[in-house]
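Asks: Using our numbering, the first residue of the sequence shown is number 1, and each one after it goes up by one. Just so you know, even glycine gets a beta-carbon here, dropped at the ideal spot from N, CA and C.
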Amino acid sequence: MPTFLNPRYSVVLALQLTLLAIDVFCNAFMLLASRIQAVLVVLVIIQDIALVACLVLLLLAFFNTIIFKAGLISVLFRKFSATLLIGVVYLVLTVVYQIWFVAVQWNRANEYNWTQLLQTVYVLHRLVAVVFYYMYKRAALRLGDSQYYEDSPLLRDR
Numbered sequence: 001m002p003t004f005l006n007p008r009y010s011v012v013l014a015l016q017l018t019l020l021a022i023d024v025f026c027n028a029f030m031l032l033a034s035r036i037q038a039v040l041v042v043l044v045i046i047q048d049i050a051l052v053a054c055l056v057l058l059l060l061a062f063f064n065t066i067i068f069k070a071g072l073i074s075v076l077f078r079k080f081s082a083t084l085l086i087g088v089v090y091l092v093l094t095v096v097y098q099i100w101f102v103a104v105q106w107n108r109a110n111e112y113n114w115t116q117l118l119q120t121v122y123v124l125h126r127l128v129a130v131v132f133y134y135m136y137k138r139a140a141l142r143l144g145d146s147q148y149y150e151d152s153p154l155l156r157d158r
């Protein structure tokens, strides 16, 4: 009888969702912390570490599947390529936005320093963040399916 969530994967899923929540928290409070430089830098570092850890955990979840162990990497890549692509785009946008925002806020935290281009990067970053959260959570939940960890029709068809 197949179950939806593989018991071995539940800890990984909880860790993935926790790291995603940390990223949401950092995005939500980055602007509020912009007046205190030390807090801003700590939030930036925490967000970057959480985001890289999210992508590493997703790849480790791929490596744990029976499909990957059978050498059918292309099957996994086809199913999850959009998530990986959005993850890399979001990571790059996050780093670009953070460097720019910290550089602008560093010596002039009490002034309005938002240029039109910085506002555009900010909005683009937030829009891609929403897509990333959806795609990442969807991929994490899909990887919890037992068909990826035991003999399944997906594996037998290949």
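Nearest to Ala33 by CA position, among Val96, Val131, Phe101, Ala140, is which residue?
Replies: The shortest Cα separation from Ala33 among Val96, Val131, Phe101, Ala140 belongs to Phe101.
Asks: Give me the Cα-Cα distance between Gly144 and Asn113, rounded to the nearest whole angstrom.
Replies: Rounded to whole angstroms, Gly144 to Asn113 spans 44 angstroms at the Cα level.
Asks: How about the region 51–64 and the region 85–96: do they share at least three Cβ pairs that are nearer than 8 angstroms?
Replies: They touch, by the three-pair rule.
Asks: By the 10 Å Cβ neighbour count, where 16 or more other Cβ atoms means buried, how is Leu127 classified, buried or exposed?
Replies: By the neighbour-count rule (16 or more Cβ atoms within 10 Å), Leu127 is not buried but exposed.
Asks: Given Gln16, which residues of its chain have a CB within under 6 angstroms of its CB, disregarding the five upstream and five downstream residues?
Replies: So the list reads Leu57, Ala140, once near-sequence residues are dropped.
Asks: How many angstroms separate the CA atom of Val95 from the CA atom of Met30?
Replies: Straight-line Cα distance between these residues: approximately 13 angstroms.
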